[in-house]
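Visitor: Here the sequence shown is numbered in the working numbering, starting from 1 and rising by one per residue.
Heads up, the beta-carbon is just placed ideally off N, CA and C, and yes, glycines get one too.
None of the values given here were measured: they were computed from a predicted structure.
Quick one: the structure is below, and I'll ask about it shortly.
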Amino acid sequence: MSGPSAVRAAKNFLDLDPVELPAELEELRREVRAFLHDEIESGRVTPHVDQWLAGWDPAFSRRLGERGWLGMTYPRQYGGSDAGALARFVVTEELLAAGAPVAAHWIADRQSGQALLNFGTEEQREAFLPRIARGEVFFAIGMSEPDTGSDLASVRTRGTRVDGGWQIRGTKIWTSGAHHADAMIALIRTEAPTENRHAGLTQVIVELPDPTVEVRGVRLLTGEHHFNEVVFKDTFVPDARVLGKPGAGWSQVTSELGNERSGPERILSTLPLLVEAMRWIAESGTQVSPARLGELYARLWALRQMSLAVAGRLQLGEDPAVSASIVKDLGTQFEGSLIDAVREMVDVEPDYASAHALPRMLAEAVLHSPGFTLRGGTNEILRGIVTKAVGSA
Numbered sequence: 001m002s003g004p005s006a007v008r009a010a011k012n013f014l015d016l017d018p019v020e021l022p023a024e025l026e027e028l029r030r031e032v033r034a035f036l037h038d039e040i041e042s043g044r045v046t047p048h049v050d051q052w053l054a055g056w057d058p059a060f061s062r063r064l065g066e067r068g069w070l071g072m073t074y075p076r077q078y079g080g081s082d083a084g085a086l087a088r089f090v091v092t093e094e095l096l097a098a099g100a101p102v103a104a105h106w107i108a109d110r111q112s113g114q115a116l117l118n119f120g121t122e123e124q125r126e127a128f129l130p131r132i133a134r135g136e137v138f139f140a141i142g143m144s145e146p147d148t149g150s151d152l153a154s155v156r157t158r159g160t161r162v163d164g165g166w167q168i169r170g171t172k173i174w175t176s177g178a179h180h181a182d183a184m185i186a187l188i189r190t191e192a193p194t195e196n197r198h199a200g201l202t203q204v205i206v207e208l209p210d211p212t213v214e215v216r217g218v219r220l221l222t223g224e225h226h227f228n229e230v231v232f233k234d235t236f237v238p239d240a241r242v243l244g245k246p247g248a249g250w251s252q253v254t255s256e257l258g259n260e261r262s263g264p265e266r267i268l269s270t271l272p273l274l275v276e277a278m279r280w281i282a283e284s285g286t287q288v289s290p291a292r293l294g295e296l297y298a299r300l301w302a303l304r305q306m307s308l309a310v311a312g313r314l315q316l317g318e319d320p321a322v323s324a325s326i327v328k329d330l331g332t333q334f335e336g337s338l339i340d341a342v343r344e345m346v347d348v349e350p351d352y353a354s355a356h357a358l359p360r361m362l363a364e365a366v367l368h369s370p371g372f373t374l375r376g377g378t379n380e381i382l383r384g385i386v387t388k389a390v391g392s393a
């Protein structure tokens with residue numbers, strides 16, 4: 001993105017009112033830091049890189065739920081704290097910066113629960129939201145499909161009307177945590193394709209495990225199992241588990257993207273590596289370029305302010321899809337460049353099996369980095385969204 005388009009995209013943020021966190025949220029931040037310090041010192045938590053994908057720890061999620069740090073944007077009647085998007089931002093920022101294992105609850109808390117609030121029936125909300133807020137039920141996302149990249153409009157998984165519900169046949173790919181999840185919100189095609197590729201799509205809640213659903217692991221370069229291919233073999237979904245209106249799936253999915261693409265997880269996946277590198281540099285007396293460090297921290301702070309501004313819009317009930325796309329594009333680029341910067345600054349070889357934190361984290365970051373600019377929509381797709389928006393402005 002360059003020239004006038006970049007200027008107009010930047011203006012999209014400059015038009016936002018600056019977000020100042022109230023004093024009570026700084027107190028909340030101190031509480032979260034103290035909790036995480038105790039978790040790490042006790043050995044219950046070991047910091048790692050990219051923990052919102054890799055750190056599956058249901059017991060840790062339940063401990064967060066006990067403190068009211070899940071479901072923070074949910075009303076109290078559904079088990080949430082109604083603290084709002086900015087409070088959730090503070091908590092998630094601290095969890096990510098510490099490298100805490102948040103993958104189990106991440107999708108449910110960030111995205112699936114909000115979709116249930118926006119589009120779900122009262123029965124669906126009561127069935128799932130309190131358990132999400134307690135860290136007792138976990139969700140996966142069924143959007144992407146094989147051979148379609150980030151083009152969600154090309155969905156081929158079909159839902160056929162049957163007595164009492166829908167029969168689902170098709171395949172989803174890159175479904176994080178589906179082998180552990182209790183449910184998946186899947187985007188399926190319930191009407192024959194037309195020239196309007198966005199029409200005829202529906203979201204459904206598939207409860208797991210199900211004997212007609214096959215979950216096949218897709219392993220990372222590390223050998224870790226986080227992603228999956230999920231195959232629906234005439235899976236029955238009752239009408240009570242249709243999310244929102246049949247045929248309205250496209251508008252529902254796109255409304256979720258502000259939550260999915262703008263959060264601090266698009267900036268802070270590799271921050272624990274930088275923290276550990278700074279500790280190593282201080283202890284070893286290694287000389288590093290102040291300008292190089294200043295560049296990193298300036299980029300990080302600017303991206304954080306952008307992400308925080310989107311959280312402010314979400315708090316107001318707005319749909320910042322374009323702004324979120326910019327945050328995700330720039331944020332995931334930064335995450336990758338941070339790895340390169342650390343490798344330049346420290347004389348340490350990546351070692352995935354090392355007992356020492358820095359070589360282990362460096363290996364984790366290098367091996368996870370190919371996915372940074374893919375998950376949540378490729379950078380090319382995100383730039384297309386921004387280009388289309390600024391072109392029509």
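Select from S255, G55 and G371 the residue whose C-alpha is nearest the C-alpha of R324.
Guide: As a working note, residue 324 is residue 324 in the sequence shown. The displayed chain sequence assigns Ala, not Arg, to residue 324. Cα-wise, what sits closest to A324 is S255.
Visitor: Measure the alpha-carbon distance for H225 versus A140 and round it to whole angstroms.
Guide: As a first step, residue 225 must be located in the sequence shown, where it is residue number 225. As a first step, residue 140 must be located in the sequence shown, where it is residue number 140. Their Cα atoms are separated by approximately 14 Å.
Visitor: Is it a yes or a no for the stretch 63 to 71 touching the stretch 278 to 297, going by three-plus beta-carbon pairs under 8 Å?
Guide: These segments do not touch.
Visitor: Closest to Y74 by CA distance: which of M361, A115, L330 and A357 is it?
Guide: To locate residue 74, count along the sequence shown from 1; it is residue 74. Taking only the C-alpha atoms, the option nearest Y74 is A115.
Visitor: If you follow the alpha helix (DSSP H) that P138 is in, where does it begin and where does it stop?
Guide: Within the sequence shown, numbered from 1, the residue matching residue 138 stands at position 138. Correcting the residue type first, residue 138 is Phe in the shown sequence and not Pro. Careful: F138 lies outside any alpha helix (DSSP H) and carries neither H nor E.
Visitor: Would T202 and G135 be called neighbours here (beta carbons separated by less than 8 Å)?
Guide: What you label residue 202 is simply residue 202 of the sequence shown in a count that begins at 1. What you label residue 135 is simply residue 135 of the sequence shown in a count that begins at 1. No. Outside cutoff.
Visitor: At which residues does the alpha helix (DSSP H) containing E195 begin and terminate?
Guide: The count along the sequence shown starts at 1 and reaches residue 195 at position 195. Unbroken run through E195: none, as it is neither H nor E.
Visitor: Could you check what DSSP says for L16 in three-state terms: helix, strand or coil?
Guide: Residue mapping note: residue 16 aligns to position 16 of the sequence shown, counting from 1. At L16, the pLDDT of 49 sits below 50, so the modelled position is not reliable; the number obtained from the coordinates is stated separately. Here L16 sits in coil by DSSP.
Visitor: What is the DSSP secondary structure of V204, counted as helix, strand or coil?
Guide: Within the sequence shown, numbered from 1, the residue matching residue 204 stands at position 204. It is a strand residue.
Visitor: Going by DSSP, name the residue or residues bridged to F334.
Guide: Counting from one through the sequence shown, the residue named residue 334 turns up at place 334. Bridge partners of F334: none, in fact.
Visitor: For V49, collect the residues of the same chain with a Cβ closer than 8 Å to its Cβ; drop the 5 residues on either side in sequence, then sort them by chain order.
Guide: Here residue 49 refers to the residue found at position 49 of the sequence shown. Closer than 8 Å at Cβ, skipping near neighbours: G99, S269, T270, P272, L273, M361, E364, A365 and H368.
Visitor: When DSSP labels each residue in this structure, what does L221 get in the three-state scheme?
Guide: Translated into positions along the sequence shown, residue 221 becomes position 221. Coil at L221, not helix or strand.
Visitor: In this structure, how does DSSP classify L21 when only helix, strand and coil are distinguished?
Guide: Here residue 21 refers to the residue found at position 21 of the sequence shown. L21: coil per DSSP, three-state reduction.
Visitor: First and last residue of the beta strand (DSSP E) that includes T157?
Guide: The count along the sequence shown starts at 1 and reaches residue 157 at position 157. T157 -> no beta strand (DSSP E), and no H or E assigned at all.
Visitor: State yes or no: is the C-beta of V137 within less than 8 Å of the C-beta of D82?
Guide: Reading the sequence shown from its first residue, position 137 is the one you call residue 137. Reading the sequence shown from its first residue, position 82 is the one you call residue 82. No. Outside cutoff.
Visitor: Count the other C-beta atoms from every protein chain shown that fall within 10 angstroms of the C-beta of L316, then say buried if there are 16 or more, exposed otherwise.
Guide: The sequence position of residue 316 within the sequence shown is 316, counting from 1. Exposed is the call here.
Visitor: From the DSSP output, read off the bridge partner residues of K172.
Guide: Along the sequence shown, read from residue 1 onward, the residue named residue 172 stands at position 172. Answer by DSSP bridge pairing, in chain order: V230.
Visitor: DSSP three-state call for P209: helix, strand or coil?
Guide: By one-based count along the sequence shown, residue 209 stands at place 209. Three-state DSSP puts P209 in coil, outside helix and strand.
Visitor: May I have the straight-line CA-CA distance separating R216 from P193, to the nearest angstrom?
Guide: The sequence position of residue 216 within the sequence shown is 216, counting from 1. The sequence position of residue 193 within the sequence shown is 193, counting from 1. The alpha-carbon atoms of R216 and P193 are separated by roughly 28 Å.
Visitor: Any idea if E123 is buried or exposed, counting beta-carbon neighbours within 10 angstroms, 16 or more meaning buried?
Guide: Locating residue 123 in the sequence shown gives position 123, counting from the first residue. Burial call: exposed.
Visitor: Tell me whether I40 sits in a helix, a strand or coil according to DSSP, three-state version.
Guide: Counted from its first residue, the sequence shown places residue 40 at position 40. DSSP places I40 in helix when its eight states are reduced to three.
Visitor: On the three-state DSSP scale, how would you describe T92?
Guide: As a working note, residue 92 is residue 92 in the sequence shown. DSSP places T92 in helix when its eight states are reduced to three.
Visitor: Cutting at 6 Å between CB atoms, please list the residues of its own chain near L14, excluding the five before and the five after it.
Guide: One-based indexing of the sequence shown puts residue 14 at position 14. Note that L14 scores a pLDDT of 41, beneath 50, so its modelled location is shaky; the value from the coordinates is reported in the next line. Contacts found: none.
Visitor: Below 8 Å between beta carbons: does that hold for V204 and A178?
Guide: The residue given as residue 204 occupies position 204 in the sequence shown. The residue given as residue 178 occupies position 178 in the sequence shown. Contact: no.
Visitor: Pull up the DSSP beta-bridge partners for T235, would you.
Guide: The count along the sequence shown starts at 1 and reaches residue 235 at position 235. In DSSP, T235 forms a bridge with I168.
Visitor: For V398 and F236, I'd like the C-alpha separation in whole angstroms.
Guide: No answer is possible for residue 398: it lies beyond the span of the chain, which begins at 1 and ends at 393.
Visitor: Around the Cβ of Q252, are there at least 16 other Cβ atoms within 10 angstroms (buried) or fewer (exposed)?
Guide: Locating residue 252 in the sequence shown gives position 252, counting from the first residue. The residue is buried, with at least 16 neighbouring Cβ atoms inside 10 Å.
Visitor: Could you tell me the alpha carbon to alpha carbon distance between E349 and P370, rounded to whole angstroms?
Guide: In the sequence shown, counting from the first residue as 1, residue 349 sits at position 349. In the sequence shown, counting from the first residue as 1, residue 370 sits at position 370. The alpha-carbon atoms of E349 and P370 are separated by roughly 19 Å.
Visitor: In this structure, does DSSP put V216 in helix, strand or coil?
Guide: Your numbering for residue 216 matches position 216 in the sequence shown. Per the sequence shown, the amino acid found at residue 216 is Arg instead of Val. Looking at R216 - three-state DSSP - the assignment turns out to be strand.
Visitor: Taking buried to mean at least 16 other C-beta atoms within 10 Å of its own C-beta, is Q51 buried or exposed?
Guide: Position 51 of the sequence shown, counting from 1, holds the residue named residue 51. Buried, because 16 or more other Cβ atoms sit within 10 Å of the Cβ of Q51.
Visitor: So what's V346 in DSSP terms, helix, strand or just coil?
Guide: Translated into the one-based positions of the sequence shown, residue 346 becomes position 346. The answer is coil: DSSP assigns V346 none of H, G, I, E or B.
Visitor: Measure the C-alpha to C-alpha separation of R29 and V90 and round it to an integer number of angstroms.
Guide: Here residue 29 refers to the residue found at position 29 when the sequence shown is read from its first residue. Here residue 90 refers to the residue found at position 90 when the sequence shown is read from its first residue. About 6 Å.
Visitor: Taking the alpha-carbon positions, what's the S42 to G84 distance?
Guide: Within the sequence shown, the letter at position 42 stands for residue 42. Within the sequence shown, the letter at position 84 stands for residue 84. Rounded to the nearest angstrom, the two C-alpha atoms are 30 Å apart.
Visitor: Between which two residues does the beta strand (DSSP E) containing R189 stretch?
Guide: In the sequence shown, residue 189 corresponds to position 189, counting from 1. That run of the beta strand (DSSP E) goes A183 to R189.
Visitor: Could you name the residues of the same chain whose beta carbon sits closer than 8 Å to that of P264, not counting the 5 residues immediately before and after it, in chain order?
Guide: Residue numbering aside, residue 264 sits at position 264 when the sequence shown is read from its first letter. Cβ within range, chain order: F89, T92, E93, L96, R304 and S307.
Visitor: Would a C-beta distance cut-off of 8 Å place F232 and I168 closer than the cut-off?
Guide: On the sequence shown, position 232 is the one that residue 232 refers to. On the sequence shown, position 168 is the one that residue 168 refers to. A contact, by the Cβ cut-off of 8 Å.
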